[in-house]
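Report on the structure given below.
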Amino acid sequence: MPKTSRPRETPPGPKRGGFESYQERVEGGKIRERSPSFAEYYAHPRLFWLSQTPFEQQHIIDAFSFELSKVVREYIRERVVDQLAHIDVHLANAVAGNLGITLSEEQRNIAPPKEVNGLKKDPSLSLYAIPDGAIKGRVVAVLLNDKTRADDVLTILQALKAQGVHAKLLYSRMGSVVTDDGSVLPVAGTFAGAPSLTVDGVIVPGGDLSQLLNNGDALYYLLEAYKHLKPITLLGDARQFSAALQVGAQGEEGVIQAEDASGSTLDDFLGLLRAHRIWSRMSKIASIPA
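In terms of our numbering, the sequence shown opens at residue 59 and continues consecutively.
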C-alpha cells in the first residue's frame with residue numbers, strides 16, 4: 059500500500075502545512091467540550107429578525123405561515139411556533155395566528171435572548187435597510203402586441219440597455235412581431251412561458267391592443283406583477299389595463315401611465331426599479347386574483 063494511502067479525512071502533518079498544537083505543560087484531565095455559548099440557538103436569529111425592515115419581517119411571517127400550512131401534523135407546527143417564540147414573541151404570535159394556534163401564557167412571557175456582542179440590530183443583515191439602488195443585471199418584460207409602436211420599443215430598449223438592464227420581449231406566441239413601421243422584433247418568450255416571477259418590472263408599449271386586452275395570459279401577467287409589488291408602465295392604449303389593476307386614471311405609485319415612452323416616463327420607471335419593490339402597494343394586493 060502506498061505511503062500516501064490514508065482516509066481522506068486525515069489532515070496532513072505539520073511539515074506539509076497541517077495544524078500542530080502548541081507544546082506546553084498542562085494539568086488536569088484533557089476533554090473535548092463546547093463552550094456553553096454553543097447551547098444558545100436564538101440570539102443570532104433574533105438579531106437577524108430585528109435587523110429586517112417591517113416589510114421584510116412581514117415577508118418572513120408569510121413564508122413561515124405558508125410553509126407550515128403544508129405540514130400535516132399539528133404538533134409539528136406547534137413545535138416550530140414554540141421555537142419562534144424563543145426568537146421573538148411578535149413573530150411567533152403572527153405565525154401562530156395564521157395557523158390557528160394560540161400561544162400559551164408561558165410562551166408569551168419567554169425572555170428574549172441576550173444581544174449578540176451588544177448589537178440589537180445590524181442593517182447589513184437586511185436587503186433594504188441600506189438600499190444601493192443598483193439595477194444592472196435586472197430584467198424587464200416588454201409585453202408586445204399587434205402592430206406595437208416601434209418608437210416606443212426602440213426608446214425602451216435603449217433606455218434599459220444604457221443602465222445595464224436586460225429587456226425580455228414577450229408575446230402570445232414564439233417567433234416574431236411586426237411593428238407599426240414594418241420592422242420585425244424577435245420574441246424571447248411567451249406570457250405563459252416566461253411568467254412575471256422571472257422579471258423585475260413590466261412595460262407595455264402602445265400599439266394595437268385589441269387582442270392583448272382580451273388575452274388572459276397577458277392580463278394575468280400584469281396582475282401577478284402588480285401583486286408582487288413590481289413597477290409597471292402602461293403606454294398608449296395599454297393604459298386600459300389600469301382598470302383590471304384597480305388603478306385610477308391618475309395612476310398610483312408604481313404604475314406609470316403615459317401616452318408614449320418619451321420624456322421622463324422611463325426615468326421614472328428606472329427610479330422605481332431601483333427601489334426593487336413598491337412596498338406602499340402591500341395594503342391593496344389582497345384583492346388581486348393572482
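Even for Gly, the Cβ is constructed at its ideal location relative to N, Cα and C.
Here the C-alpha atom of Ser-230 lies approximately 51 Å from the C-alpha atom of Tyr-99. Only buried fits Asp-210, as 16 or more other CB atoms lie within 10 angstroms of its CB. Comparing alpha-carbon positions, the option among Lys-128, Trp-107, Val-130 and Pro-289 lying closest to Ile-119 turns out to be Trp-107. Leu-267 places its beta carbon 8 Å or farther from that of Leu-281. Note that the C-beta distance between Leu-212 and Ala-225 is not below 8 Å. In the three-state DSSP reduction, Pro-244 falls in the strand class (E or B). In this structure, Pro-189 sits away from Arg-104, with a CB-CB distance that is not shorter than 8 Å. With respect to Leu-271, Phe-249 sits apart: the two C-beta atoms are not nearer than 8 Å. For Glu-98, DSSP assigns no beta-bridge partner whatsoever. Boundaries of the beta strand (DSSP E) around Leu-227: 224–229. For Lys-288, same chain residues with a beta-carbon under 6 Å away, outside a window of 5 residues either side, are Gly-259 in chain order.
A distance below 8 Å separates the beta carbons of Lys-179 and Ser-109.
The three-state secondary structure of Gln-304, taken from DSSP, is coil. Here Val-235 really is in contact with Leu-202; their C-beta atoms are around 5 Å apart, less than 8 Å. About 5 Å separates the CB atoms of Leu-292 and Gln-315; that is less than 8 Å, so the two are in contact. Judged by DSSP in its simplified three-state form, Gln-298 adopts helix.
The beta-carbon distance between Ser-123 and Asn-156, rounded to whole angstroms, is 4 Å. This is short enough to meet the 8 Å contact definition. For Gln-315, the uninterrupted beta strand (DSSP E) segment begins and ends at 313–316.
By the criterion of a C-beta distance shorter than 8 Å, Arg-339 is surrounded in its chain by Tyr-284, Leu-287, Glu-310, Glu-311 and Gly-312, once the five residues flanking it on both sides are discounted. Leu-215: member of the alpha helix (DSSP H) spanning 208–220, first to last residue.
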